[in-house]
Structures are given as structure tokens and as C-alpha cells.
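> Please read through the structure below; I'll follow up with questions.
Structural data, given as C-alpha cells:
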């Protein structure tokens with residue numbers, strides 16, 4: 008398994024930031040179902056896959072039963088992060104196998120992974136299929152949380168397709184990686200798809216301080232909104248922010 012910071016440095020400020028995200032996600036589910044969650048970004052290389060894997064770890068550490076579902080058929084990553092064979096979702100869809108037969112366990116108790124499987128020639132069609140709806144229904148019954156990794160929002164339609172199917176969407180943005188107009192465009196596409204955007208994570212905030220033993224720093228800001236849909240910004244907002252020093 009790749010050395011995830013929430014495993015290797017579980018008491019670090021960054022790991023604590025992930026736990027804050029976990030707590031806010033749980034708060035979001037107080038008055039409604041919130042089991043299937045897409046975490047995506049506007050563009051590539053913003054850190055969504057690493058964020059999903061670390062969030063899955065801290066959720067499992069809190070006693071939740073969690074599965075990470077890799078729906079990024081174009082650039083699958085979760086099997087690499089957890090060092091698993093990439094026999095997964097596309098096999099399940101194409102061969103009509105039971106999804107629970109394809110699920111793989113990790114060395115984190117309570118955390119499973121559904122890898123993407125071999126690259127599919129028609130990702131959007133697979134994601135929009137009735138079979139995908141059935142897979143989500145099964146996973147929603149078997150797990151407390153289903154965390155879904157999708158391609159970025161702007162290059163392809165895959166994220167919007169999945170966003171319309173799930174209980175909630177968290178949009179991740181890398182600090183300094185994209186301009187605000189691009190982020191607004193990505194959000195607009197999610198809203199147009201009918202997504203319930205429950206929050207935004209600000210990722211990769213560099214912290215250049217003496218004594219930083221890891222040589223880097225990441226800040227994670229999580230914005231939690233009450234309500235859903237386009238009107239969520241009219242509700243009460245909470246903000247949590249943490250930086251590694």
C-alpha cells in the first residue's frame with residue numbers, strides 16, 4: 008500500500024484536516040441520506056484521488072464501513088495507491104458479475120476498494136447505464152459511505168453523469184492551480200447536472216516554514232453548506248482550515 012499520510016503520520020495537522028472533513032461530511036448527513044459521494048475537481052492534477060484515499064482511511068479509522076469506487080476509467084489511480092490488481096468496475100459491468108465479488112479489501116480495517124478495471128472504450132456510457140445504478144444501490148446497502156473518484160469535470164462529461172446519480176458532491180480545488188473563472192465554470196456544470204454540492208476542499212496550499220520535516224505542506228479548507236442545490240449558499244456556512252507546519 009502506498010504510504011498515505013493518514014496512515015504514516017496519523018497525528019499530523021494534515022491528517023487532522025482530513026478528520027475535520029470527515030466530521031463535516033457526517034454533519035451534512037444529519038437530516039438526509041448521504042452515503043454515495045463524488046469527489047472531483049475542475050481539472051487534472053488537483054489531488055482528488057489522493058484526497059479520496061485519505062478520507063476513506065480516516066472514515067474507516069472512525070469505525071465506518073467504507074468503499075472507494077474508482078470511476079475514473081480514463082486515468083485510474085486507486086489500484087496504484089492501494090497496490091491492488093486492477094480487476095474491477097469495468098469487469099463487473101461488462102461481464103455482469105456481482106459487484107461484491109469484485110470488491111477488494113485493504114489493510115485498513117473497514118476500508119474496501121472497487122478498482123476501475125481495464126480501460127473501457129465508452130466510459131460515459133458505462134457510467135450512465137442502468138447497471139451502474141444497480142451497483143450504486145448494492146454498495147449503498149453494504150457500506151456506510153461510498154466515495155467515488157471520477158475524472159475532472161471540465162475535460163469530459165463523466166463527473167457530471169455520476170454527480171447526478173449520487174447523494175452529494177464535494178468539489179476539490181488546488182491552490183494556485185486554476186483561476187476562479189475555471190472553478191466557477193466547473194461548479195456551473197455540476198449544478199446544471201443537478202448535483203447536490205455539499206462542500207469544497209481547498210488543496211495543496213504550500214507552507215514554507217522552517218522545520219517542516221516533510222519538505223512540503225498542504226492546507227485543506229472545507230466549506231460546509233446547509234441545504235442543497237443552487238440555494239445552498241444562502242444557508243449557514245461553516246469553515247474549517249488546517250495547515251501543516
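In the working numbering, the protein residues as written are 8 to 252.
Positions of the beta carbon are idealized from the N, C-alpha and C atoms, including for glycine.
Given the structure is predicted, the values throughout are model-derived calculations rather than measurements.
Count the C-beta pairs between the stretch 55-63 and the stretch 137-148 that are closer than 8 Å, then say yes if the count reaches three, no if not.
no
> Would you list, in sequence order, the uninterrupted beta strand (DSSP E) runs of no fewer than 3 residues that lie entirely inside the stretch 62-121?
73-77 and 118-121
> Which first and last residues belong to the alpha helix (DSSP H) in which residue 24 is found?
Within the chain shown, numbered from 1, the residue matching residue 24 stands at position 17. Run containing residue 24: 20-35, per the alpha helix (DSSP H) assignment.
> Kindly indicate which three-state DSSP category residue 57 falls into: helix, strand or coil?
Start at 1 with the first residue of the chain shown, and residue 57 comes out as number 50. DSSP places residue 57 in helix when its eight states are reduced to three.
> Measure the CB-CB distance between residue 48 and residue 170 and report whether it falls below 9 Å.
Translated into positions along the chain shown, residue 48 becomes position 41. Translated into positions along the chain shown, residue 170 becomes position 163. The answer is no: Cβ separation not under 9 Å.
> Leaving out five residues on either side along the sequence, give the residues of the same chain with a beta carbon under 6 Å from the beta carbon of residue 111.
Stepping through the chain shown from its first residue, residue 111 is reached at position 104. Hits under 6 Å: 91 and 120.
> With burial defined as no fewer than 16 other Cβ atoms inside 10 Å of the residue's Cβ, what is the status of residue 117: buried or exposed?
If you number the chain shown from 1, residue 117 lands on position 110. Residue 117 should be labelled buried.
> Could you round the C-beta distance between residue 174 and residue 79 to whole angstroms and report it? I think they count as a contact, below 8 Å.
Taking the first residue of the chain shown as position 1, residue 174 is located at position 167. Taking the first residue of the chain shown as position 1, residue 79 is located at position 72. No, residue 174 and residue 79 are not in contact; Cβ-Cβ is about 19 Å, not under 8 Å.
> Alpha carbon to alpha carbon, how far is residue 14 from residue 26? Give it in angstroms, no decimals.
Numbered from 1 along the chain shown, position 19 holds the residue referred to as residue 26. Numbered from 1 along the chain shown, position 7 holds the residue referred to as residue 14. Rounded to the nearest angstrom, the two C-alpha atoms are 12 Å apart.
> Which runs of the alpha helix (DSSP H), 4 residues or longer, sit entirely within the stretch 125-183?
130-134, 137-149 and 165-170
> Can you look up residue 310 in the DSSP assignment and give me helix, strand or coil?
Outside the shown range of the chain (8 to 252) lies residue 310, about which nothing can therefore be said.
> Are the stretch 94-104 and the stretch 125-140 touching, with three or more C-beta to C-beta distances below 8 Å?
At 8 Å Cβ cutoff, the stretches touch.
> Please return the same chain residues whose Cβ sits closer than 6 Å to the Cβ of residue 222, not counting the five positions on each side in sequence.
Here residue 222 refers to the residue found at position 215 when the chain shown is read from its first residue. Only weak support exists for where residue 222 lies, its pLDDT of 38 falling under 50; the coordinates are left without a value.
> Provide the residue span of the beta strand (DSSP E) that contains residue 185, from first to last.
As a first step, residue 185 is located in the chain shown; it is residue number 178 there, counting from the start. No beta strand (DSSP E) holds residue 185; DSSP gives it neither H nor E.
> Does the Cβ of residue 199 have 16 or more other Cβ atoms within 10 Å, making it buried, or fewer, making it exposed?
In the chain shown, residue 199 corresponds to position 192, counting from 1. With fewer than 16 Cβ atoms within 10 Å of its Cβ, residue 199 is classed as exposed.
> Would you list the one or two residues that DSSP bridges to residue 204?
The residue given as residue 204 occupies position 197 in the chain shown. Answer is 176.
> Are residue 255 and residue 83 close, meaning C-beta to C-beta below 9 Å?
The question about residue 255 has no answer here: the residues shown for the chain are numbered 8 through 252.
> Less than 9 Å separating the beta-carbons of residue 55 and residue 46?
Position 48 of the chain shown holds residue 55. Position 39 of the chain shown holds residue 46. For residue 55 and residue 46, yes; Cβs fall inside 9 Å.
> Considering only the alpha carbon of each residue, which of 72, 81, 28 and 211 lies closest to residue 130?
On the chain shown, position 123 is the one that residue 130 refers to. Taking only the C-alpha atoms, the option nearest residue 130 is 81.
> So what's residue 11 in DSSP terms, helix, strand or just coil?
Here residue 11 refers to the residue found at position 4 of the chain shown. The three-state secondary structure of residue 11, taken from DSSP, is coil.
> Where residue 89 and residue 164 are concerned, what is the direct C-alpha to C-alpha distance, given to the nearest angstrom?
Taking the first residue of the chain shown as position 1, residue 89 is located at position 82. Taking the first residue of the chain shown as position 1, residue 164 is located at position 157. Approximately 26 Å, taken between the alpha carbons.
> Just confirm the distance between the C-beta atoms of residue 71 and residue 152, as a whole number of angstroms; I'd bet it's less than 8 Å.
As a working note, residue 71 is residue 64 in the chain shown. As a working note, residue 152 is residue 145 in the chain shown. Indeed, because the Cβ distance is near 6 Å, the residues count as touching under 8 Å.
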